[in-house]
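Novice: Heads up: the sequence lines are chains L and C, in that order.
Those letters in the first sequence? Residues 1 to 243, per the working numbering, in order.
Those letters in the second sequence? Residues 1 to 346, per the working numbering, in order.
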Amino acid sequence: MSALLSVSDAHVAYGKVEAVRSVSLEVGANEIVTIVGANGAGKTTLLSAIIGILPLRGRVSFAGQDLARLDIEDRVAMGLGLVPEHRELFVTMNVEDNLELGAFRIERSKAKASMERVYALFPRLKERRKQLAGTLSGGEQQMLAMGRALMGEPKLLMLDEPSLGLAPIIVADIFRIVTELRASGVSVLLVEQNAQAALKIADQAYVMELGEFVLSGKASDIAANERVAASYLGFQHEGESAI
Amino acid sequence: MNTTIMLFLVQDGITNGAIYALLGLALVLVFAVTRVILIPQGEFVTYGALTYASLAAGQMPGTAKLALALGIGAFAFDLFVARKALHGRLILRSAITNIALPAIVLALTVYFTAQKPPVVVSIALSLVIVAMIGLYLYRVAFQPLAHTSVLVLLIASVGVHLALQGLGLLFFGAEGQRGPAVLSGAFTAGSLRFTGQSLTVYGITIAFIVGLWLFFGLTLYGKALRATAVNRLGARLVGIRTTLSGQIAFLLASVIGALSGIMIVPITTLYYDSGFLIGLKGFVAAIIGGLVSYPLTAVAALVVGLVEAFSSFYASNYKEVIVFMLLIPVLLLRSLAAPAVEEDKD
């Protein structure tokens, strides 16, 4: 079976500085794949290039189609979704409008059912549906960003640091929902600094350092790898932060 | 000054203010969505007004030809962009909107000019012609620059303004024109006399503002336009094309401009270059609204209209000076109230 998303020999540069070098990765159907790595390793840059915000040298194909000539909007319409690190919500619009716009590229008749599904996944959003997105708490904004992306019925959702700056209880909630997504047939490409939590739910994992993948394999094997344990999992214990 | 004069000035100020409000709203809309400061907004006003006046007088307006020429230019841009992957359907659609449509409108214009069309037909033709010019201008002059800085877009905007003004002289000549009233007749209430035309101005302005409010609040495309204004990247990530939002914004701006022109050309004589000053007053209102707030812009536009009316009574030589001086205290207050913001580079 061919992979849903396949990236081969990708290079991404800011001017002359290459932030991502010769990276290859695959995400299959119904799979959670995580990329872990330190701050500045190039994880966000890679996701931005896959969705089309940054130019990428190399090959990217999604659902068997080459993405090279497609704009962001076309990639989104094909079922590739990104929840960016800064969420990029429509802060002066209410929750419901944000979600409605998430379904901009799908049929209007399907949007209604889509919204019910999102509300079922994030009951908190339903309670706040008339509230302006900018007035939500950080966790709620993350839920809204994920909900908005799910409104477009993506086949693959890319999440960039969904746990950043959120309280542990909300982080647990978000990771639970990521596994639910896989159960409902959505693949997830998860970029996380919280390596421990990410490796626990992922099927496959890549470790990124200074713009390159230094390790890849089954998530459980990566979690057991001594080097990874030393540099990313540290002396972290369950439920506690590293420091 | 007695009450009658004051009431008369207030009435005059509100009529003009209503027009400035429409233009100011269009400027805010275009800036929020595309980051273009639309200096040619004034040309949309003169083009609309003078196309209407020419048609009513049985003369062929050159703007219909300009629309076709710009349409061909827009089609050429579409072809150039699609040169690597020629999609038959996309090219056909581009040919229909950019070439077939203005060609049909040109034919209709030629046909109707020969037989002095009724007012309604003149208005409809003028609106369509200017709307097409606005749409194609976006494709030719602004869409290719969409990713550049506000400054580059402003320079392009000035260029378009100068070009359109020159073409306006070519099409309509140096003499001013007046058009027939949309609604003739008048009635008096106390010492005030309301003409049908000024009532038309109020009615259309209010209808347009309500219409825009409904469009932005209730429709998916209206919301998409707001979303693009709030967060361009966020909009792209849900699949809203920046170019689509830009096209809608320019279409609305050109229709608003043309409509304003058609409403005032029966009241004042307009010349090929009158639009700039009218647009600039809408701009003053938009600046007072910070180029973001619609309600503040509408209120500011009424203030601009009133200040203009009263200053033309007390110091008619200085009326423009006084209106534009409104900007200085406003900018001063704004710069004191808001911390310095660097232009974001998206």
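Glycine is no exception: its CB is placed at the ideal position from the N, C-alpha and C atoms.
Starting from ALA227 of chain C, find everything on chain L with Cβ-Cβ shorter than 9 Å and list it in chain order.
Specialist: Indexing the second sequence from 1 puts residue 227 of chain C at position 227. Going along chain L in sequence order, the residues near ALA227 of chain C (Cβ under 9 Å) are PHE90, MET93, ASP97, ASN98, LEU101 and PHE104.
Novice: Go to ILE264 of chain C, then tell me how far its beta strand (DSSP E) extends in each direction, as first and last residue.
Specialist: Taking the first residue of the second sequence as position 1, residue 264 of chain C is located at position 264. Here ILE264 of chain C belongs to no beta strand (DSSP E); instead the alpha helix (DSSP H) covers 242–264.
Novice: How many angstroms separate the CA atom of THR31 of chain C from the CA atom of PHE77 of chain C?
Specialist: Residue 31 of chain C sits at position 31 when you count from the first residue of the second sequence. Residue 77 of chain C sits at position 77 when you count from the first residue of the second sequence. The question names Thr, but residue 31 of chain C is Phe in the sequence shown. Going by C-alpha positions, PHE31 of chain C is about 23 Å away from PHE77 of chain C.
Novice: Run the proximity test for SER48 of chain L: is its beta-carbon closer than 6 Å to any non-hydrogen atom belonging to the ligand SAM?
Specialist: The model depicted lacks the ligand SAM and carries no ligand whatsoever.
Novice: Let's see if you can read the secondary structure: which residues bound the alpha helix (DSSP H) around TYR232 of chain L?
Specialist: To locate residue 232 of chain L, count along the first sequence from 1; it is residue 232. No alpha helix (DSSP H) contains TYR232 of chain L, which DSSP labels as neither H nor E.
Novice: Closer than 9 Å, Cβ to any Cβ of chain C: which residues of the segment 149–160 of chain L, in chain order?
Specialist: ALA149, MET151 and GLY152
Novice: What span of residues does the alpha helix (DSSP H) with VAL81 of chain L cover, start to end?
Specialist: Looking up residue 81 of chain L in the first sequence gives position 81. A small fix is needed here, since residue 81 of chain L is Gly in this sequence, not Val. Looking at the DSSP string, GLY81 of chain L is not in any alpha helix (DSSP H); the run it does join, the beta strand (DSSP E), is 80–83.
Novice: Taking 7 Å as the threshold (beta carbon to beta carbon), is LEU233 of chain C in contact with chain L?
Specialist: As a position in the second sequence, residue 233 of chain C is number 233, starting the count at 1. Yes, LEU233 of chain C lies at the interface with chain L (some Cβ there is under 7 Å from its Cβ).
Novice: DSSP state of GLU18 of chain L, grouped into three classes?
Specialist: Residue mapping note: residue 18 of chain L aligns to position 18 of the first sequence, counting from 1. If DSSP states are grouped into helix, strand and coil, GLU18 of chain L belongs with the strands.
Novice: Can you name, in chain order, every residue of its own chain whose Cβ lies under 7 Å from the Cβ of VAL121 of chain C, other than the five neighbours on each side?
Specialist: For the purposes of this step, residue 121 of chain C is taken as the residue at position 121 of the second sequence. Cβ within range, chain order: PHE112.
Novice: Would you please verify whether the beta carbon of ILE240 of chain C is less than 7 Å from any beta carbon of chain L?
Specialist: Locating residue 240 of chain C in the second sequence gives position 240, where the first residue counts as 1. True, the Cβ-Cβ gap to chain L drops below 7 Å.
Novice: What does DSSP give as the partner residues of LYS126 of chain L in its beta bridges?
Specialist: Within the first sequence, numbered from 1, the residue matching residue 126 of chain L stands at position 126. Paired residue(s): none; LYS126 of chain L is not in a bridge.
Novice: For the candidate residues C:SER260, C:LEU25, C:ILE240 and C:PRO102, whose alpha-carbon lies nearest to that of GLU43 of chain C?
Specialist: By 1-based counting over the second sequence, the position of residue 43 of chain C is 43. Comparing Cα positions, the closest option is C:SER260.
Novice: Exposed or buried, what is ILE264 of chain C when buried is set at 16 or more other beta-carbons lying within 10 Å of its beta-carbon?
Specialist: Here residue 264 of chain C corresponds to residue number 264 of the second sequence, with the count starting at 1. Buried.
Novice: Taking 8 Å as the threshold, find out whether the segment 185–204 of chain L comes into contact with the segment 30–37 of chain L through three or more Cβ pairs.
Specialist: Short answer: they touch.
Novice: I'd like the span of the beta strand (DSSP E) that includes ALA197 of chain L, first residue to last.
Specialist: Residue numbering aside, residue 197 of chain L sits at position 197 when the first sequence is read from its first letter. Here ALA197 of chain L belongs to no beta strand (DSSP E); instead the alpha helix (DSSP H) covers 195–201.
Novice: Could you tell me whether the Cβ atoms of ARG226 of chain C and GLU73 of chain L are closer together than 7 Å?
Specialist: Residue numbering aside, residue 226 of chain C sits at position 226 when the second sequence is read from its first letter. Residue numbering aside, residue 73 of chain L sits at position 73 when the first sequence is read from its first letter. No.
Novice: Under 7 Å between the Cβ atoms of GLY234 of chain C and GLU88 of chain L?
Specialist: As a position in the second sequence, residue 234 of chain C is number 234, starting the count at 1. As a position in the first sequence, residue 88 of chain L is number 88, starting the count at 1. Going by C-beta atoms, GLY234 of chain C is nearer than 7 Å to GLU88 of chain L.
Novice: If you run the structure through DSSP and keep just helix, strand and coil, what is MET115 of chain L?
Specialist: The residue given as residue 115 of chain L occupies position 115 in the first sequence. Looking at MET115 of chain L - three-state DSSP - the assignment turns out to be helix.
Novice: Using 8 Å as the cut-off, can you tell me whether the segment 209–227 of chain L makes contact with the segment 59–71 of chain L, which would need three or more C-beta pairs spanning the two stretches below that distance?
Specialist: no
Novice: Tell me which residues of the segment 204–226 of chain C have at least one Cβ-Cβ distance to chain L shorter than 8 Å, keeping chain order.
Specialist: Only those residues of the segment 204–226 of chain C whose C-beta falls short of 8 Å from the nearest C-beta of chain L are listed: LEU220, LYS223, ALA224 and ARG226.
Novice: Throw me the rounded Cβ distance for the SER157 of chain C and VAL36 of chain C pair, which I believe falls under 8 Å.
Specialist: Taking the second sequence and counting its residues from 1, one reaches residue 157 of chain C at position 157. Taking the second sequence and counting its residues from 1, one reaches residue 36 of chain C at position 36. The C-beta distance from SER157 of chain C to VAL36 of chain C rounds to 6 Å, short enough to fall under 8 Å.
Novice: Counting only runs of 3+ residues fully inside the segment 17–67 of chain L, write out the beta strand (DSSP E) ranges in chain order.
Specialist: Taking 3 residues as the shortest admissible run, the segment 17–67 of chain L contains the following complete beta strand (DSSP E) segments, listed from N- to C-terminal end: 17–27, 32–37 and 57–62.
Novice: Thinking PRO61 of chain C and LEU55 of chain C are a contact (beta carbons under 8 Å), I'd like their distance in whole angstroms, please.
Specialist: Within the second sequence, numbered from 1, the residue matching residue 61 of chain C stands at position 61. Within the second sequence, numbered from 1, the residue matching residue 55 of chain C stands at position 55. Correct: roughly 6 Å between the Cβ atoms.
Novice: Using a Cβ distance threshold of 8 Å, determine whether the segment 217–224 of chain L contacts the segment 69–84 of chain L, with at least three qualifying pairs required.
Specialist: no
Novice: Buried or exposed: GLY305 of chain C, going by 16 or more other Cβ atoms within 10 Å of its Cβ?
Specialist: Against the second sequence, residue 305 of chain C aligns to sequence position 305. GLY305 of chain C is buried by the Cβ-count criterion.
Novice: VAL119 of chain C touches chain L at which residues, Cβ-Cβ below 8 Å?
Specialist: Counting from one through the second sequence, the residue named residue 119 of chain C turns up at place 119. Those do not exist, as VAL119 of chain C stays about 38 Å from chain L at its closest Cβ, beyond 8 Å.
Novice: Taking the alpha carbon of GLU161 of chain L as the point to measure from, which residue in L:LYS112, L:MET143 and L:SER109 has its own alpha carbon closest?
Specialist: Here residue 161 of chain L corresponds to residue number 161 of the first sequence, with the count starting at 1. Comparing Cα positions, the closest option is L:MET143.
Novice: Out of C:LEU237, C:GLU308, C:ILE328 and C:THR269, which one is the CA nearest neighbour of ARG105 of chain L?
Specialist: Numbered from its first residue, the first sequence carries residue 105 of chain L at position 105. Among C:LEU237, C:GLU308, C:ILE328 and C:THR269, the Cα nearest to that of ARG105 of chain L belongs to C:LEU237.
Novice: Just reading off the alpha helix (DSSP H) that VAL120 of chain C is part of, what are its end residues?
Specialist: As a working note, residue 120 of chain C is residue 120 in the second sequence. Residues 119–137.
Novice: In whole angstroms, what separates the C-alpha of GLN247 of chain C from that of ALA146 of chain C?
Specialist: Indexing the second sequence from 1 puts residue 247 of chain C at position 247. Indexing the second sequence from 1 puts residue 146 of chain C at position 146. Going from the Cα of GLN247 of chain C to the Cα of ALA146 of chain C covers about 12 Å.
Novice: Would you mind stating whether LEU270 of chain C and ALA82 of chain C have Cβ atoms separated by less than 7 Å?
Specialist: Position 270 of the second sequence, counted from the first residue, corresponds to residue 270 of chain C. Position 82 of the second sequence, counted from the first residue, corresponds to residue 82 of chain C. It is not a contact, given that the beta carbons lie outside the stated cut-off.
Novice: Which residues in chain L have a C-beta closer than 8 Å to the C-beta of VAL230 of chain C? List them in chain order.
Specialist: The residue given as residue 230 of chain C occupies position 230 in the second sequence. In chain order: PHE90, VAL91, THR92 and MET93.
Novice: Count the other C-beta atoms from every protein chain shown that fall within 10 angstroms of the C-beta of GLY179 of chain C, then say buried if there are 16 or more, exposed otherwise.
Specialist: Locating residue 179 of chain C in the second sequence gives position 179, counting from the first residue. Buried, by the Cβ-count rule.
Novice: At a Cβ threshold of 7 Å, is ILE72 of chain L touching chain C?
Specialist: As a first step, residue 72 of chain L is located in the first sequence; it is residue number 72 there, counting from the start. Output row for ILE72 of chain L: interface = yes.
Novice: Within 10 Å of its beta-carbon, does LYS43 of chain L have 16 or more other beta-carbons around it, so buried, or fewer, so exposed?
Specialist: Here the question's residue 43 of chain L lines up with position 43 in the first sequence. Buried, by the Cβ-count rule.
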